[in-house]
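Working notes for the structure below.
There are 2 protein chains.
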Amino acid sequence: MSTRAAPPEAPSTRKGRATRERIVGAAADLMYRHGVAGTSTPAVRDAAGVSSSQIYHYFADKDDLTRAVIAFQSETILSNQAPLLATLDSVEALRSWRDVVVDAARRQNGAGGCPLGSLSSELSDDHRWARDALAASFTAWSEAIRAGLAAMVDNGTLRPETDATMLSRALLAAVQGGLVLAQAQHTTDALEAGLDALIAHIHDHAVVPG
Amino acid sequence: MSTRAAPPEAPSTRKGRATRERIVGAAADLMYRHGVAGTSTPAVRDAAGVSSSQIYHYFADKDDLTRAVIAFQSETILSNQAPLLATLDSVEALRSWRDVVVDAARRQNGAGGCPLGSLSSELSDDHRWARDALAASFTAWSEAIRAGLAAMVDNGTLRPETDATMLSRALLAAVQGGLVLAQAQHTTDALEAGLDALIAHIHDHAVVPG
DNA sequence: GTAGGATTGGATAGTCAAGTCCAGTCTGGG
DNA sequence: CCCAGACTGGACTTGACTATCCAATCCTAC
Chain C
0 MSTRAAPPEA PSTRKGRATR ERIVGAAADL MYRHGVAGTS TPAVRDAAGV SSSQIYHYFA
60 DKDDLTRAVI AFQSETILSN QAPLLATLDS VEALRSWRDV VVDAARRQNG AGGCPLGSLS
120 SELSDDHRWA RDALAASFTA WSEAIRAGLA AMVDNGTLRP ETDATMLSRA LLAAVQGGLV
180 LAQAQHTTDA LEAGLDALIA HIHDHAVVPG
Chain E
0 MSTRAAPPEA PSTRKGRATR ERIVGAAADL MYRHGVAGTS TPAVRDAAGV SSSQIYHYFA
60 DKDDLTRAVI AFQSETILSN QAPLLATLDS VEALRSWRDV VVDAARRQNG AGGCPLGSLS
120 SELSDDHRWA RDALAASFTA WSEAIRAGLA AMVDNGTLRP ETDATMLSRA LLAAVQGGLV
180 LAQAQHTTDA LEAGLDALIA HIHDHAVVPG
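Top line first, the protein sequences correspond to chains C and E. Residues in the first sequence are numbered from 0 upward in steps of one, following numbering that gives the first Met the number 0. Residues in the second sequence are numbered from 0 upward in steps of one, following numbering that gives the first Met the number 0.
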């Protein structure tokens with residue numbers, strides 16, 4: 000219930016911007032590995048190499064810092080995914096997108112899950128502001144997939160009646176669920192199964208050449 | 000690092016068993032709604048109508064209580080799912096399983112997500128004991144789905160070469176991912192899209208009658 | 001009914017995190 | 001160079017949570 004206004008997102012000096020970024024980066028890393036509740040501001044302070052007052056100089060409170068972390072992770076993921084999804088022009092390209100996702104999960108044995116998915120699972124129920132931001136990110140992600148599939152319809156790879164919206168939702172659900180299961184099982188089996196089954200289904204809808 | 004041994008799971012008196020169950024039930028409910036870290040032992044004490052010492056009489060510490068909650072939720076979910084999955088004998092039966100899952104999510108607007116998925120997302124990275132228990136539950140769940148699909152192969156509904164193992168993993172991933180997205184988006188769109196796409200894919204593999 | 005273990009109540013120690021305060025240092029425009 | 005405002009360091013307050021302790025009460029087997 001603090002009435003203190005949130006500090007501006009971009010500090011006016013170069014040094015200030017660097018400090019703010021260091022704090023967000025350290026917090027994002029810790030929150031990814033240990034959750035928001037499992038990340039104390041003292042831990043962020045040490046990891047970022049700053050002092051307590053810096054954190055509260057740049058952020059109104061821990062919720063405000065968490066907000067910045069959500070924005071940071073959304074930006075990171077979407078900017079990583081966008082180039083891959085913007086060039087979907089064949090089932091082959093879809094498969095290589097799948098490989099990137101699977102490889103990323105495999106590289107860390109499934110640990111961590113999806114940065115957005117983990118944040119959502121922890122925060123969505125109790126914090127409206129977090130849920131809204133995360134829902135928007137998921138929608139943007141799903142929309143990027145949809146646009147990629149739509150391009151495949153446009154270029155004649157997929158039949159015109161393909162429901163790109165539904166398939167993009169299904170693919171994102173498979174990614175999220177596959178990552179949740181990978182986290183517990185330390186295997187990408189479910190992630191691969193989900194994506195492969197859906198891609199096979201999409202392939203069945205491909206326009207048969209000739 | 001306490002050296003105190005965990006108390007036995009079943010207290011020797013009727014009253015003791017009832018108290019223990021009340022504590023686990025209250026803790027499961029609170030942890031489902033607010034996460035494990037978001038659930039304090041005082042909150043469990045009040046919700047269960049017991050006093051602090053009861054909790055530590057029946058459980059070695061909060062981790063031990065969390066362990067009991069994981070077991071409770073696994074048991075609850077698997078015993079709810081088992082009857083539906085044991086009778087999968089047609090694509091129609093698969094669709095009604097889908098409806099049960101979707102309706103359950105819709106009834107609470109996606110809030111909460113999957114009790115096991117939420118626990119896993121919060122605990123798997125940091126607590127080996129939790130991850131192992133949750134991985135086992137997910138495996139059992141997936142196996143129940145696989146057995147249902149295998150029955151459909153056996154009775155001739157699905158073609159013999161159907162990969163029931165892979166499809167069961169894909170279905171579970173769709174459920175988990177769909178619930179994660181439902182939690183943020185307050186919509187079962189992704190859950191429905193994932194399950195419907197997979198069921199359509201399975202339907203494509205059904206033995207064509209006649 | 002009664003002894004002895006099982007169960008219960010509530011106070012409390014010890015720990016740690018969130019957020020505040022203020023004095024001191026840096027930075028950049030004039 | 002100089003000053004106003006931006007930035008930094010670290011001690012400190014407050015409050016909550018985990019876990020313990022021990023005396024009192026309740027069961028149940030005998």
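C-beta atoms are modelled at their ideal positions from N, C-alpha and C, and glycine is treated no differently.
For Ala-205 (chain C), the secondary structure class from DSSP, reduced to helix, strand or coil, is strand. Counting only residues of its own chain and dropping the five nearest sequence neighbours on each side, His-204 (chain E) has a CB closer than 7 Å to the CB of Leu-157, Arg-158 and Thr-161. Within its own chain, the residues whose Cβ lies closer than 6 Å to the Cβ of Arg-19 (chain E), once the five positions on either side in sequence are excluded, are Pro-10 and Tyr-57, listed in chain order. Look at the beta carbons and you see the segment 123 to 135 of chain E not touching the segment 119 to 129 of chain C: under three pairs across the two are nearer than 8 Å. Gly-147 (chain C) and Leu-178 (chain C) have their C-alpha atoms spaced approximately 22 Å apart. For Glu-20 (chain E), the enclosing alpha helix (DSSP H) begins and ends at 13 to 33. If you ignore the 5 residues before and after Ala-27 (chain C), its C-beta comes within less than 7 Å of the C-beta of Val-68, Phe-71 and Gln-72, all in its own chain and listed in chain order. In this chain, the alpha helix (DSSP H) harbouring Gly-147 (chain E) covers 127 to 153. Distance from the CA of Arg-105 (chain E) to the CA of Thr-65 (chain C), rounded to the nearest whole angstrom, comes to 28 Å.
Using beta-carbon distances, Glu-121 (chain C) counts as an interface residue toward chain E, with a partner under 8 Å. With its beta carbon at least 8 Å from every one in chain C, Asp-60 (chain E) lies outside the interface. Contact check for Ala-149 (chain C) and Ala-163 (chain C): beta-carbon distance about 5 Å, within the 8 Å limit, so the pair qualifies. The beta carbon of Pro-41 (chain E) lies closer than 8 Å to those of Ser-51 in the same chain, with the five residues before and after it left out.
Each residue's CA atom was taken as its position, placing Asn-154 (chain E) and Ser-89 (chain E) some 9 Å apart. For Leu-157 (chain C), the pairing in a beta bridge is given by DSSP as C:Ala-205.
Think of a sphere of 8 Å around the beta carbon of Val-101 (chain C): no beta carbon from chain E falls inside it, the nearest being about 12 Å out. Closest by C-alpha distance to Leu-194 (chain C), out of E:Leu-166, E:Arg-16 and E:Asp-188, is E:Leu-166. About 7 Å separates the Cβ atoms of Ile-76 (chain E) and Pro-114 (chain E), confirming a contact at the 8 Å cut-off. The continuous stretches of alpha helix (DSSP H) do not include Asp-60 (chain C), and DSSP gives it neither H nor E. For Thr-186 (chain C), there is no enclosing alpha helix (DSSP H), as DSSP gives it neither H nor E.
Selection E:Phe-137, E:Ala-183, E:Arg-145 and E:Pro-7 evaluated against Ala-59 (chain E) yields E:Pro-7 as nearest (Cα-Cα).
According to the DSSP assignment, Leu-122 (chain E) belongs to the alpha helix (DSSP H) that extends over 114 to 122. Under the three-state reduction of DSSP, Asp-88 (chain C) is assigned to coil, being neither helix nor strand.
Listed along the chain, the chain E residues whose CB falls inside 7 Å of the CB of Ser-117 (chain C) are Ser-120.
If you ignore the 5 residues before and after Leu-170 (chain E), its C-beta comes within less than 6 Å of the C-beta of Ile-144 and Leu-197, all in its own chain and listed in chain order. Chain-order list of chain C residues neighbouring Asp-125 (chain E): Arg-32, His-33, Gly-34 and Gly-37, by C-beta distance under 9 Å. Contacts between Met-165 (chain C) and chain E, judged by CB atoms closer than 8 Å, involve Ala-192, Asp-195 and Ala-196 in chain order.
Between Val-174 (chain E) and Val-100 (chain E) the beta-carbon gap is near 6 Å, inside 8 Å, which marks them as a contact. By the criterion of a C-beta distance shorter than 6 Å, Ala-189 (chain E) is surrounded in its chain by Gly-177 and Leu-180, once the five residues flanking it on both sides are discounted. In the DSSP annotation of this structure, Val-49 (chain C) is not part of any alpha helix (DSSP H), being labelled neither H nor E. Rounded to the nearest whole angstrom, the C-alpha separation of Gln-107 (chain C) and Phe-137 (chain E) is 20 Å. Inter-residue distance for Asn-79 (chain E) and Thr-86 (chain C) is about 43 Å (C-alpha atoms, whole angstroms).
When C-alpha distances from Ile-201 (chain C) are compared across C:Ala-36, C:Glu-91, C:His-33 and C:Arg-32, the shortest belongs to C:Glu-91. Taking the Cα positions, Lys-61 (chain C) is about 19 Å away from Val-35 (chain E). For the pair Ala-183 (chain C) and Met-30 (chain C), the Cα-to-Cα distance works out to about 18 Å. Beyond the five residues adjoining it in sequence on each side, Ala-81 (chain E) comes within less than 7 Å, by CB distance, of Ala-143 in the same chain, given in chain order.
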